[in-house]
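Numbering (the working numbering), first residue to last: 32 to 120.
Reviewing the structure listed below.
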Amino acid sequence: MEKELTASVVPCSARPLKFDESLCIGCNRCADVCQVDIMIPNPVRGKHPLVIYPGECYYCGSCVMACPNKGAISLEHPLMNQAKFVPVK
C-alpha cells in the first residue's frame, strides 16, 4: 500500500523570504540548495516555492545566491537582528 505524503505551512511570525512574483521563474533552485529544507516546490508550475517552515530559516542566504534572477528572492532578517550603525563623528 502506497502512502501519500502531505505538507502544510507551519504558522510563524518570521517571514525570512520575500519573492518577487514578476522576477521568479519557479526554477526551485532556492529550494534545492536550502540547508534546512524550509521550502518545497510549488505545485503550480512557474510559481515560487512554498515556505513551509519559516521559523527554521538559518538566514544563510544560500537561496538568494543560487537564484538565477537577481532580485527574485530576498532575505529579510528579523527586526532584532537588523543592525543599526551610528556614524562616529
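Where a beta carbon is used, it is the ideal one built from N, C-alpha and C, also for glycine.
Relative to M70, the option among G77, C55 and C88 whose CA is nearest is C88.
If you check the CB distance, L54 and A114 do not come in under 8 Å.
Contact between the region 106-113 and the region 71-81 is absent: fewer than three C-beta pairs spanning the two stretches fall below 8 Å. Spatial neighbours of A38 in its own chain (CB-CB distance under 7 Å, excluding positions within 5 residues in sequence) are listed in chain order as I71 and I83.
Counting only the Cα atoms, C58 lies some 19 Å from P47. With a threshold of 16 other beta carbon atoms within 10 Å, C91 falls short and is exposed. When DSSP states are grouped into helix, strand and coil, S93 belongs to the helix group. Per DSSP, the continuous beta strand (DSSP E) segment holding L106 begins and ends at I104 to L106.
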